[in-house]
Every structure is written in C-alpha cells, then in structure tokens.
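Chains as they are written, first to last, in my numbering: chain Y, 80 to 319; chain G, 80 to 319. Note that CB positions come from ideal geometry on N, CA and C, so glycine has one too.
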DNA sequence: CACTTCATATAGCAACGCTATAGGTGCTAG
DNA sequence: CTAGCACCTATAGCGTTGCTATATGAAGTG
C-alpha cells in the first residue's frame with residue numbers, strides 16, 4: 080500500500096499526490112486516496128499542508144520547476160520570438176502530457192482568485208518578450224503581450240485537453256500561436272520574413288525613436304518636455 | 080424558503096439553480112441548496128435531470144439562449160469581421176457579468192469531456208466567419224479560425240474572471256481579439272498603421288528603447304533623469 | 001527527571017452527490 | 001365509479017468527500 084516507507088511522511092504525501100494527479104484518469108483525486116497511498120492518515124496531511132489545495136500547490140510548485148526547466152533549456156536560440164514559440168509549444172505539451180496536474184495549475188478557476196502559477200508563467204514569457212522588444216521585434220509592451228499570449232496559450236491548451244484524444248488537432252495550437260506572435264511582432268511581410276536583420280541596441284532604438292519623433296511630432300508630450308526628451312535621447316544615442 | 084410555489088417543480092429547480100449560480104460568491108453550489116430553495120427534495124432533481132450536471136446543462140441551455148440572443152442581435156452589421164469582434168466582446172461581457180454561470184459553461188474542464196456548449200459557441204462563430212470567408216476576408220478555413228478564436232476568447236475570459244475586479248483590464252481582451260482577427264484576416268493592414276502619420280514606428284521604437292533601457296541601465300542619464308525619461312517613454316508607447 | 005514541542009493516529013463531524021423504496025397523484029379503460 | 005397504470009414526489013439513508021477535536025507517541029531541553 081504505502082509505496083515509499085522510511086521517507087518522511089511529508090515527502091511521501093507529495094509523491095503520492097503527484098502520482099495520483101498524473102495517473103488518475105477522469106475523476107478527481109481525493110485526500111483519502113492520497114493518504115492511503117502515502118501510508119499516513121488524514122491529520123498528517125493537514126498538519127503539513129493546511130488543506131488539500133495546499134498540498135496541490137506544493138505538488139504544483141515541484142511540477143512547475145519541471146515545466147520551467149523545460150522552458151529555460153530552450154532559451155538561448157538567439158531569436159527571441161522563436162523562443163516564444165518554443166515556450167508556447169512546451170506549455171501545450173506539458174498540459175497534454177499531464178492534464179490533471181495542468182488543470183490544477185491553470186484550470187482551477189474561481190472568480191477573483193488568481194493561481195500563483197499564472198503570474199510565474201507570465202513573468203517567464205514577459206522576460207522573453209522583453210528580449211524581443213529590445214531587438215525591436217514587437218509592437219506592444221512586453222507585459223501586455225505576455226498576458227495576451229499566455230491567455231491564448233491557456234485557452235488553447237484547455238480546449239485541447241477537453242477534446243477526445245483521437246480528435247486532438249495540434250494545428251489549433253500552432254495556428255493560434257502564430258496568430259498571436261505575428262500580431263504582436265513587427266514583421267511586415269505576410270508570407271515571407273522581413274529581412275530587417277533586427278539586432279537593435281539601446282543606441283539603435285534611440286536613434287530610431289529620435290528620428291520618428293522629429294518626423295511626426297508626438298502630442299503625448301508638451302513642447303518643452305519634448306525638447307528635453309530629445310536632448311536626453313541624443314545623449315543616449317551618441318554614447319556608443 | 081421555496082420562492083415560487085405552484086409552478087412545476089422542474090421549473091422551480093431550474094430557476095433556483097440559475098439564481099444560486101448567478102449569486103453564489105466564490106464557493107460552489109450544492110444540490111441541497113438548490114432543492115431547498117426550490118422547495119423540493121433530492122429525488123425530484125434526479126428524476127428530471129439525471130444528475131447535477133444535467134441540471135446545470137439545462138440551466139446553461141437557458142442561459143445560452145440569452146447569450147446567443149445577445150450575439151444574434153448584433154449580427155447584421157454588413158461587416159462580418161466587425162461582427163466577430165462584437166461576438167468576442169459579447170462573450171467576454173457575458174463571462175464577466177455572470178462568472179459562475181460562465182465557469183459552469185466553459186470553465187468546467189475535465190480531460191476528454193467537452194462541454195456541449197463549446198460546440199455551439201464554435202458553430203456560431205464559424206457561421207459568422209463563413210460570411211467573412213465568402214467575402215474573401217480571411218485566409219484560413221472558417222472552422223479552424225473559429226476554433227482558434229474561441230480558444231483565445233475563452234482563455235482571455237477565464238483569465239479576466241480570475242483577476243481581482245479592480246485589476247481587470249479589458250485591454251487584454253481587445254488586444255487579443257484584434258490580434259486573432261488580424262492574423263486570420265486578409266487585411267494588409269500593417270501598412271495602414273504606417274499611414275497613420277508614422278505614429279506606429281514611434282511606438283515601436285519607444286517600446287524597444289524602453290525595454291533596452293530597463294535591461295541595461297544606461298549611465299548616460301542620472302537616475303532622476305532616467306526616471307522621468309522612462310515616464311515619458313511610457314506615455315508615448317502607450318499612446319495608441 | 002519533568003517539560004515543552006513537534007508529529008502522527010483514533011475517531012468522527014458535517015456536507016456532499018446520489019438512490020432504493022414507497023406513497024401519492026391524475027389519467028384512461030372497463 | 002372503480003381498477004389499473006403511469007408519472008411524479010417524499011422518506012430515509014448509503015457511501016464518500018474535506019476536514020478536525022482530541023489524544024498519544026517521540027524527541028529535544030532545562
């Protein structure tokens with residue numbers, strides 16, 4: 080019954096919960112199943128984790144490490160938007176390979192209670208999008224882009240999980256993914272990639288902004304503000 | 080206790096369930112609450128609806144009529160893609176105004192069990208996208224486009240529901256919506272933004288510069304200067 | 001040794017979704 | 001009018017859920 084004697088009960092509970100979450104098909108996972116598999120009784124669970132959700136949160140943190148590890152390994156491809164695509168695919172892959180764990184992480188929605196994990200995933204995406212922004216590859220602030228992309232990513236994954244396995248069509252994922260990324264990117268070409276060779280730096284961006292601001296005066300700043308702004312921009316631009 | 084005597088119990092159950100789903104804050108709704116409010120006992124519920132989910136499905140069908148009615152009223156604007164935008168907004172609006180009902184409809188995800196309602200919503204969207212396809216306005220088969228857009232729509236709505244009310248930012252919705260629609264449409268609108276007096280390139284450059292400055296703090300500006308600089312940058316980059 | 005602190009077990013509560021069984025109701029057939 | 005027959009509802013309770021009041025054991029400290 081208990082599968083891992085002589086380990087501390089806290090760890091046995093974590094492993095039992097993880098195993099049940101990973102393998103249980105369809106129905107929910109009960110505390111009694113978990114404690115039975117772990118070879119402990121109910122109060123032990125509540126002593127260590129407070130309540131069922133506390134246990135699941137702990138399991139999820141561990142599962143999330145795995146998820147994040149998958150995301151970070153892909154990271155340095157040099158092309159940030161390509162990395163965002165990989166993060167998207169990794170997200171979907173994780174959801175489909177461990178649907179119950181995923182549902183605990185992202186599918187357990189209740190009004191006004193945001194799972195902590197969502198913020199983490201969002202931060203991860205934002206970090207990557209920030210790199211894209213530095214290269215001038217996106218036309219939306221990274222934070223908003225991250226939220227938007229993550230929302231679509233979760234929506235797609237949930238929808239795929241809800242479908243019968245044999246009907247799951249991953250094209251839904253790739254299509255939505257590319258739609259979202261394309262929409263926030265500055266790529267101009269519909270079919271072919273732009274040859275704009277990216278690779279901007281602070282200086283390049285500043286120069287571009289400087290030129291753009293002088294060409295069409297923005298009405299977001301007053302004229303005196305604009306003058307000072309342009310002076311600072313010049314200092315930055317001429318720093319290299 | 081029972082609020083609507085002399086109506087048939089089936090209808091009283093439906094109304095009680097709908098009312099509880101609409102008003103219950105946070106916690107779940109139990110069959111006992113429902114039967115108590117309806118003034119009937121448990122077997123009555125199971126006689127008419129089979130099980131709890133059957134009742135909820137029935138409530139949802141009724142609620143869905145309302146939802147669909149909202150969608151159909153908007154329909155004939157002549158511009159199909161504009162109608163898709165309205166359907167998207169209506170969807171989000173419905174979710175935020177009746178979050179519990181919405182969660183029963185779209186948030187109750189379990190592996191390989193697709194809520195019937197999703198197929199209906201998908202069909203509705205597909206129908207509209209078909210009109211767009213006939214006018215040559217989209218570059219993707221309507222069915223796939225509908226699935227993709229609906230997935231993103233649900234994802235956004237769930238994410239907004241999970242957020243605290245005061246933090247809810249509908250821009251997440253409009254931005255994701257336009258991203259999705261733009262991506263499937265044949266508009267070559269990327270250039271249209273450039274027509275927009277070059278403002279978009281200003282925004283792109285500002286976003287890039289903003290990200291670059293925060294990544295590697297330049298030593299060309301003092302910290303107080305930088306602070307003000309970034310504030311202005313933010314004003315510019317969030318102008319459109 | 002006495003004392004505190006932590007960790008686990010015994011036993012059980014209230015609430016849950018659901019149901020076996022039986023009784024009441026209104027209908028049609030004879 | 002009555003007998004039979006569906007249909008609908010109630011009494012009572014089953015098995016399971018998440019969780020806990022209480023007690024017991026073990027381990028460290030004075």
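- Taking residue 137 of chain G as the centre and dropping the five residues before and after it, the same chain places the C-beta of 93, 128 closer than 7 angstroms to its C-beta, in chain order.
- Between residue 222 of chain Y and residue 259 of chain G, the alpha-carbon positions lie close to 18 angstroms from each other.
- Check the Cα spacing between residue 204 of chain G and each of G:250, G:168, G:125: the tightest is with G:168.
- Taking a Cβ-Cβ threshold of 8 angstroms, the residues of chain Y close to residue 235 of chain G are 227, 230, 231, 234, in chain order.
- For residue 173 of chain Y, the enclosing alpha helix (DSSP H) begins and ends at 159 to 176.
- For residue 232 of chain Y, the closest C-alpha among the options Y:219, Y:144, Y:248, Y:253 is that of Y:253.
- Pairwise C-beta distances place the stretch 224 to 239 of chain Y in contact with the stretch 224 to 240 of chain G, as three or more of them are shorter than 8 angstroms.
- Exposed is the label assigned to residue 121 of chain G, since fewer than 16 other Cβ atoms lie within 10 Å of its Cβ.
- Judged by DSSP secondary structure, residue 116 of chain G falls within the alpha helix (DSSP H) whose first and last residues are 110 to 117.
- A Cβ-Cβ separation of about 13 angstroms leaves residue 219 of chain Y out of contact with residue 163 of chain Y under the 8 angstroms criterion.
- DSSP, reduced to helix, strand and coil, places residue 192 of chain G within a strand of the structure shown.
- When DSSP states are grouped into helix, strand and coil, residue 264 of chain G belongs to the strand group.
- DSSP places residue 241 of chain G in the uninterrupted alpha helix (DSSP H) bounded by 221 to 241.
- Residues of chain G with a Cβ closer than 8 angstroms to the Cβ of residue 308 of chain Y are, in chain order, 308, 311.
- For residue 217 of chain G, no alpha helix (DSSP H) segment is defined, and its DSSP state is neither H nor E.
- Nearest neighbour of residue 228 of chain Y by Cα position, chosen from Y:242, Y:243, Y:216, Y:208, turns out to be Y:208.
- The contact set of residue 186 of chain Y on chain G, defined by CB atoms closer than 7 angstroms, consists of 188 in chain order.
- Here DSSP, grouped into helix, strand and coil, assigns residue 255 of chain G to helix.
- Note on geometry: alpha-carbon atoms of residue 311 of chain Y and residue 307 of chain G lie some 10 angstroms from one another.
- At least 8 angstroms separates the beta-carbon of residue 182 of chain G from that of residue 196 of chain Y.
- Taking C-beta atoms as the reference points, residue 101 of chain G and residue 160 of chain G fail to come closer than 8 angstroms.
- For residue 255 of chain G, the nearest beta carbon of chain Y is closer than 8 angstroms to its own beta carbon.
- Residue 125 of chain G and residue 193 of chain G have their C-alpha atoms some 22 angstroms from each other.
- The CB of residue 238 of chain Y comes closer than 8 angstroms to the CB of 197, 226, 229, 230, 233 in chain G, given here in chain order.
- For residue 207 of chain G, the nearest beta carbon of chain Y is not closer than 8 angstroms to its own beta carbon.
- In the three-state reduction of the DSSP assignment, residue 91 of chain Y falls in the helix class, which pools H, G and I.
- Only residues of its own chain outside the window of five on either side were considered, and among them 159, 160, 264, 265, 277 have a CB closer than 7 angstroms to the CB of residue 216 of chain Y, listed in chain order.
- Judged by DSSP secondary structure, residue 124 of chain G falls within the alpha helix (DSSP H) whose first and last residues are 121 to 128.
- For the pair residue 139 of chain Y and residue 88 of chain Y, the CB atoms are not nearer than the 8 angstroms cut-off.
- Annotation for residue 156 of chain G: 162 place their beta carbon closer than 7 angstroms to its own, counting only its chain and skipping 5 residues before and after.
- With respect to chain Y, the C-beta atom of residue 259 of chain G has a partner C-beta closer than 8 angstroms.
- Rounded to whole angstroms, the separation of the alpha carbons of residue 108 of chain Y and residue 191 of chain G is 17 angstroms.
- Residue 263 of chain G belongs to the set of residues whose beta carbon lies under 8 angstroms from a beta carbon in chain Y.
- At a cut-off of 8 angstroms between beta-carbon atoms, residue 241 of chain Y makes contact with chain G.
- 8 angstroms or more divides the Cβ of residue 175 of chain G from the Cβ of residue 230 of chain Y.
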